[in-house]
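**Q**
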């Protein structure tokens, strides 16, 4: 970092991810982040008033990145029928979480700790995901693909039924060679239930 280049929040978040990856979220400090950027800790505090705020911003950044592709699937009706989009959405969610857990286990563990500490952020994320599922189901109801009366409750049930494929508590099972077979079995139950009322 040169002194004539203004420090951005995004640069700090990228550096913080690296520091959290190396030291873990409990041992990493704002001073460590500042040191990795070659700036004073007060430069970091100008963007994030506390270590907690910085950690929450890192977690929010990761959740936002995970949500982008899912949002496209939930809103773009040109991507197929509601059944196809719901399958794509669930598959993408599982693949994204599994890739992060398997390809970058240190940072994934950091996110788990940060998530455990900030249940409000997690609840907001979960509600966003359930809302996306509800959008897809609503399209399916309108197209008479699904016949349901409680879309939001059904969306929550779909989210809960597929928890073993997106809840970080199950991350240790995602590398199992039969994980995809288990996902497919749950998917068949979910889609069968959505279509059974037709």
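Numbering (this note's numbering), first residue to last: 1147 to 1344.
Beta carbons are placed, not taken as given, at the ideal position from N, Cα and C, and that holds for glycine.
Using a threshold of 8 Å, state whether the C-beta atoms of residue 1221 and residue 1281 are closer than that.
**A** Residue 1221 sits at position 75 when you count from the first residue of the chain shown. Residue 1281 sits at position 135 when you count from the first residue of the chain shown. A contact, by the Cβ cut-off of 8 Å.
**Q** Is the closest heavy atom of the ligand ADP to the C-beta of residue 1285 under 7 Å?
**A** Absent from the structure shown: the ligand ADP. Ligands present: none.
**Q** May I have a chain-ordered list of the alpha helix (DSSP H) segments no shorter than 4 residues that lie completely inside the segment 1208-1281?
**A** Complete alpha helix (DSSP H) runs here, min 4: 1228-1249, 1251-1263.
**Q** Taking the beta carbon of residue 1328 as the centre, do at least 16 other beta carbons fall within 10 Å, making it buried, or is it exposed?
**A** As a working note, residue 1328 is residue 182 in the chain shown. Counting Cβ neighbours within 10 Å, residue 1328 comes out exposed, since fewer than 16 surround it.
**Q** By the 10 Å Cβ neighbour count, where 16 or more other Cβ atoms means buried, how is residue 1226 classified, buried or exposed?
**A** The sequence position of residue 1226 within the chain shown is 80, counting from 1. Exposed is the call here.
**Q** Beta carbon of residue 1193, beta carbon of residue 1255: below 8 Å?
**A** Here residue 1193 is taken as the residue at index 47 of the chain shown, counted from 1. Here residue 1255 is taken as the residue at index 109 of the chain shown, counted from 1. Their beta carbons are not under 8 Å apart, which means residue 1193 does not touch residue 1255 by this criterion.
**Q** Contact between the segment 1201-1209 and the segment 1286-1300 is defined here as three or more beta-carbon pairs at a separation below 8 Å; is this criterion met?
**A** With the cut-off at 8 Å, the segment 1201-1209 and the segment 1286-1300 do not touch.
**Q** Using CA atoms only, rank isn't needed, just tell me which of 1230, 1209, 1252 is closest to residue 1174.
**A** In the chain shown, counting from the first residue as 1, residue 1174 sits at position 28. It is 1252 whose Cα lies nearest to the Cα of residue 1174.
**Q** Report the three-state DSSP secondary structure of residue 1195 (helix, strand or coil).
**A** The sequence position of residue 1195 within the chain shown is 49, counting from 1. Note: residue 1195 maps to coil in three-state DSSP.
**Q** Between which two residues does the alpha helix (DSSP H) holding residue 1333 run?
**A** One-based indexing of the chain shown puts residue 1333 at position 187. Per DSSP, residue 1333 belongs to the alpha helix (DSSP H) from 1325-1342.
**Q** My assumption, with CB atoms under 8 Å, is that residue 1333 sits in contact with residue 1244. Please give the rounded CB distance.
**A** Residue 1333 sits at position 187 when you count from the first residue of the chain shown. Residue 1244 sits at position 98 when you count from the first residue of the chain shown. Not quite, the Cβ-Cβ distance comes to about 15 Å (not below 8 Å), so this is no contact.
**Q** Classify residue 1286: buried if its beta carbon has 16 or more other beta carbons within 10 angstroms, exposed otherwise.
**A** Along the chain shown, read from residue 1 onward, the residue named residue 1286 stands at position 140. Buried, since its Cβ has 16 or more Cβ neighbours within 10 Å.
**Q** Could you name the residues of the same chain whose beta carbon sits closer than 7 Å to that of residue 1178, not counting the 5 residues immediately before and after it, in chain order?
**A** As a working mapping, residue 1178 is identified with position 32 in the chain shown. Same-chain partners within the cutoff: 1165, 1169.
**Q** Nearest by alpha-carbon distance to residue 1216: which of 1183, 1209, 1189, 1235 is it?
**A** On the chain shown, position 70 is the one that residue 1216 refers to. Nearest C-alpha to residue 1216: 1235.
**Q** Let me know if residue 1246 comes out buried or exposed under the rule of 16 or more other beta-carbons within 10 Å of its beta-carbon.
**A** Locating residue 1246 in the chain shown gives position 100, counting from the first residue. Residue 1246 should be labelled buried.
**Q** Report the start-end ranges of each alpha helix (DSSP H) in the segment 1291-1315 that is 4 residues or longer and not cut off at the edges.
**A** Within the segment 1291-1315, the complete alpha helix (DSSP H) runs of at least 4 residues are 1297-1307.
**Q** According to DSSP, simplified to helix, strand and coil, what is residue 1153?
**A** One-based indexing of the chain shown puts residue 1153 at position 7. DSSP places residue 1153 in coil when its eight states are reduced to three.
**Q** Under 6 Å Cβ to Cβ from residue 1232, same chain only, skipping five residues before and after it: list those, please.
**A** Along the chain shown, read from residue 1 onward, the residue named residue 1232 stands at position 86. Only 1282 meet the Cβ criterion.
**Q** Thinking C-beta only, is residue 1182 closer than 8 Å to residue 1337?
**A** Here residue 1337 corresponds to residue number 191 of the chain shown, with the count starting at 1. Here residue 1182 corresponds to residue number 36 of the chain shown, with the count starting at 1. Not a contact, by the Cβ cut-off of 8 Å.
**Q** Compute the Euclidean distance between the alpha carbons of residue 1269 and residue 1189, then round it to the nearest angstrom.
**A** Locating residue 1269 in the chain shown gives position 123, counting from the first residue. Locating residue 1189 in the chain shown gives position 43, counting from the first residue. Residue 1269 and residue 1189: Cα-Cα distance of roughly 31 Å.
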